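These notes concern the structure reproduced below.
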Ligand SMILES: [Mn+2]
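Numbering (this note's numbering), first residue to last: 81 to 545.
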């Protein structure tokens, strides 16, 4: 099938199969799945419009944000509601218009511009589902919008009223809550994109591990990762976390040091990739030597898989998060980092000091996908359990949701020090803490699709290919 020209910014699949020669997806199956995806989008939007009492949805891809006092823009990030319709991630000033009963319209903005390469003509498997109108000037967009603007809702970020073309109802909660709640359940097309994003990410993880084994710096490992996934830095779903030694204890470690540590002991990498706008979010931890830390990673890997094996439709994710605390407590006692019953270690705040983040989050077009705290499609929210404010997913799991399972265990001195003076502090074995500190910590993160009676592990499947 026809693919966009190499270099076209709008269409990831082209990069995948031609420019980068990475076979990570079956194009034919993607094409076959796409019509059903659009059907699902249409029925979700029809219901959202009905609830909003509106007749047309106008979904804006977005406008580039200029840098203060300068003449260039921040990297463009498309409105995720726009990307959920079609695989265009790099085309500002485009609109999808949906009117129930009609095929969706794409207003495709192809600026006449000799400073930049204008977007190529739309091509690929997805185009058959859209009534595509190419415009070359922004003022021509208005001609293709529904005339009864008061019956329209606008979905997207508006920094300039001109881009809303007189539509007053911008991001109404009634419609947005419904769309965001439903986006957690993926269509067959989306699942295939997410499998491809996992495969692409795993290519990077394998290259990164190799660079780590060869004793390279964080910066070099990062470059090897980007090259293997075929992403420029701005195309990554989030900033790579590439942490050697004690940096592994910094949850969102944001640097890539050019310095090689004198002694390299451990490596934590939290890095993902994109496919057609869908993200993977994968973490692995490695030991340099076959030592006690390597044994702890293996033990932690088993713990992570035990949690994955609990995933199924109907499970309350907050309960799984609390089960993770129980397992971490038992592990702390088992390896001698802290002594006490699981209940004591949890209640005294020790597990929260070693494992201070949530067990996982929804994943999709956004890495921390929307709707994790939503109780239903009306906007009711479910708070995280008390003492666990960072848990990003509190929903009952449903089939075909995709989420991460990412337990962690770290030596974070700030959090350990906060326990000083509490009864829990004496339960921590300082000697053992001193042993673990130079390794930083461990996090293992897989992306899983919920099934009625279990789950599909996108990450392990990609590693095992
Ligand atoms: Mn994550």
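Virtual Cβ for every residue (Gly too), placed ideally from N, Cα, C. The model shown is predicted, which means the values in this text are computed figures rather than measured ones.
Item                                                                                                              : Value
Runs of beta strand (DSSP E) wholly within the stretch 412–475 (minimum 3 residues, chain order)                  : none
The stretch 128–137 / the stretch 317–326 touching (three or more Cβ pairs under 8 Å)                             : no
Supposed contact pair residue 543 and residue 282 - C-beta distance, whole angstroms, cut 8 Å                     : 5 Å
Lining residues of ligand 1 - beta-carbon closer than 5 Å to any non-hydrogen atom, in sequence order             : 361, 484
Expected contact under 8 Å - CB spacing of residue 297 and residue 335 to nearest Å                               : Between residue 335 and residue 297 the Cβ distance is about 11 Å, and since that is not below 8 Å, they are no contact.
Check whether residue 240 and residue 143 have beta carbons under 9 Å apart                                       : yes
Assigned secondary structure, residue 210 (DSSP; H/G/I helix, E/B strand, else coil)                              : coil
Limits of the beta strand (DSSP E) - the one that residue 232 falls within                                        : 232–235
Residue closest to residue 190, alpha-carbon to alpha-carbon, out of 180, 168, 181                                : 168
Alpha-carbon spacing of residue 279 relative to residue 305, whole angstroms                                      : 13 Å
Beta-carbon spacing of residue 449, residue 170 below 9 Å                                                         : no
Residues near residue 381 by beta carbon distance below 7 Å, same chain, minus five either side                   : 524
For residue 250, the residue or residues it bridges with in DSSP                                                  : 234
Simplified DSSP state of residue 325, which is helix, strand or coil                                              : helix
Own chain, CB closer than 8 Å to residue 344, minus 5 neighbours either side, in chain order                      : 292, 295, 324, 325, 368
Residue 180 beta carbon less than 9 Å from that of residue 126                                                    : yes
Beta-carbon spacing of residue 128, residue 258 below 9 Å                                                         : yes
Closest Cα partner of residue 184 within the set 207, 398, 526                                                    : 207
Neighbour-count burial assignment, residue 251, 16 or more Cβ in a 10 Å radius                                    : exposed
Spatial distance of residue 140 from residue 357 (CA atoms)                                                       : 16 Å
Short Cβ contact (9 Å threshold) for residue 400 with residue 443                                                 : no
Integer-rounded CB distance, given that residue 489 should sit under 8 Å from residue 521                         : 6 Å
DSSP beta-bridge partners of residue 527                                                                          : 484
CB contact flag (residue 434, residue 507, <9 Å)                                                                  : no
Residue 470, buried or exposed, once every other Cβ within 10 Å from all chains shown has been counted against 16 : exposed
Spatially closest choice to residue 350 from 152, 502, 484, 423, by CA coordinates                                : 484
Boundaries (first-last residue) of the alpha helix (DSSP H) holding residue 125                                   : 107–132
9 Å Cβ cutoff, residue 128 in contact with chain D                                                                : Of the chains in the structure shown, none is chain D; there is only one protein chain.
Distance, residue 403 Cα to residue 385 Cα                                                                        : 13 Å
Where residue 407 falls, given that 16 or more other Cβ within 10 Å makes a residue buried                        : buried
DSSP state of residue 546 mapped onto helix, strand, coil                                                         : With the chain running from 81 to 545 in the structure shown, residue 546 is simply not present.
Buried versus exposed, by CB contacts within 10 Å (16 or more), residue 545                                       : exposed
Whole-angstrom C-beta distance between residue 156 and residue 172, which should lie under 8 Å                    : 6 Å
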